[in-house]
Amino acid sequence: MKASAFAYARATSVLNALELLAAHGDKAKVLSGGQSLMPAMNLRLISPELIVDIGELAELRGIAVKGDVLSIGALTRHADLLKSPEIAAHVPLLTDAITHVAHPAIRNRGTIGGSLAHADPASELPACMVVLDATIIIRGPRGERRVAAREFFTGIYETVLSPQELLVAVELPVARKGSAYFFHEFARRHGDYAIVGLAAQAIFDGSLFADLRLGFFAVGDRPLLARAASKLVNITITPELLSDASAALSEELDPQEDHRASPAMRRHLAKVLLVRCVSTLRSRPDLSAGGPA
0 MKASAFAYAR ATSVLNALEL LAAHGDKAKV LSGGQSLMPA MNLRLISPEL IVDIGELAEL
60 RGIAVKGDVL SIGALTRHAD LLKSPEIAAH VPLLTDAITH VAHPAIRNRG TIGGSLAHAD
120 PASELPACMV VLDATIIIRG PRGERRVAAR EFFTGIYETV LSPQELLVAV ELPVARKGSA
180 YFFHEFARRH GDYAIVGLAA QAIFDGSLFA DLRLGFFAVG DRPLLARAAS KLVNITITPE
240 LLSDASAALS EELDPQEDHR ASPAMRRHLA KVLLVRCVST LRSRPDLSAG GPA
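Under numbering that gives the first Met the number 0, residues 0 to 292 are what the sequence shown spells out, in order.
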């Protein structure tokens with residue numbers, strides 16, 4: 000199947016893109032990398048009247064560190080994130096997560112802004128943004144606004160973006176001293192959609208978690224920042240405590256059934272990831288030497 004007929008416009012600037020979106024509203028769709036948009040159009044899941052191509056806007060591409068904030072342009076490709084020394088040094092969770100995003104052909108074209116705006120609940124990057132306490136930068140007819148990642152995603156393929164707005168950048172706080180991260184997902188094959196995944200970041204105080212953020216994905220209609228993590232903070236971890244946290248996590252989850260897994264299977268795998276995450280983080284070599292560097 001092929002896409003239904005549509006008009007095409009290549010934006011010459013962010014302002015030009017916003018003018019096109021304002022003129023056509025929800026009849027227009029933004030094309031960045033196209034790795035999600037084009038398959039959806041070819042399957043006739045969506046049929047926009049106009050495609051606004053922003054792929055050549057250099058002003059929306061790049062990675063920069065200013066003080067304790069790392070900024071990523073919306074058109075920065077997955078492959079660029081994977082190769083970036085700034086990402087590896089300041090937000091290493093992203094480097095690990097990107098290796099699980101589809102396959103090289105997709106990563107060479109797909110963009111961080113496109114992935115976040117698409118808001119697939121089984122996608123790796125939305126969960127990472129929530130865990131890393133990212134700020135999403137949006138421009139529209141009324142100017143620029145900044146939205147916390149935990150408030151950006153509102154449902155399956157849904158965000159706070161209006162049809163007249165454009166996601167232009169992401170800002171992330173750089174990793175703090177004593178921080179550690181964990182990333183893992185269960186999938187039928189590497190690069191397939193996740194059945195269940197977990198992105199996590201911890202701050203240590205000696206051998207205790209001073210902060211622990213657990214971002215689960217593919218377990219609901221959006222990334223889940225688990226409240227169960229609070230049970231593991233500023234306390235010595237015991238098997239009983241971990242069991243209580245796992246039970247609390249299970250209560251939080253609202254997984255859906257599909258051809259990949261049942262809700263019960265997803266709950267079980269999420270609890271497996273919780274235990275594995277805590278074990279991995281607490282087994283860091285620097286902890287046995289008296290605490291994180």
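Ideal Cβ placement from N, Cα and C applies to all residues, glycine included.
Note that the structure is predicted; figures quoted are calculated from it, not measured.
Nonlocal neighbours in the same chain, by C-beta distance under 6 Å from Ala199, ignoring five residues either side: Phe181, Leu213, Cys276
Continuous alpha helix (DSSP H) stretch holding Arg265: start and end: 262-281
At least 3 beta-carbon pairs within less than 8 Å: the stretch 32-45 vs the stretch 57-67: no
Cβ-based burial, Ser278 [other Cβ within 10 Å; buried from 16]: exposed
Residues near Ala201 by beta carbon distance below 6 Å, same chain, minus five either side: Ala179, Phe208, Leu211, Leu280
Nearest residue (CA-CA) to Leu17, options Thr158, His102, Arg138: Arg138
In DSSP terms, what Ile97 is bridged to: Answer is none; Ile97 lacks a bridge partner.
Distance between beta carbons of Asp220 and Gly154, contact taken as under 8 Å: 5 Å
Check: Ile105 C-beta below 8 Å from any heavy atom of the ligand FMN: Among the ligands in the structure shown, none appear at all, so the ligand FMN cannot be discussed.
Cutoff 8 Å; reference Ala6; Cβ partners in own chain excluding five residues on either side: Glu48, Leu49, Ile50
Integer-rounded CB distance, given that Ala73 should sit under 8 Å from Ile111: 7 Å
Per DSSP, cross-strand counterpart(s) of Ile137: Arg144, Leu166
Reduced DSSP category for Ala10 - H, G, I as helix; E, B as strand; rest coil: coil
9 Å Cβ cutoff met for Pro245 and Leu273: Looking at the sequence shown, residue 245 is not Pro but Ser. Yes, the pair counts as a contact, with Cβ atoms nearer than the cut-off.
8 Å CB neighbourhood of Ala8 in its chain, flanking five on each side removed: Leu19, Leu49, Ile50, Val51, Asp52
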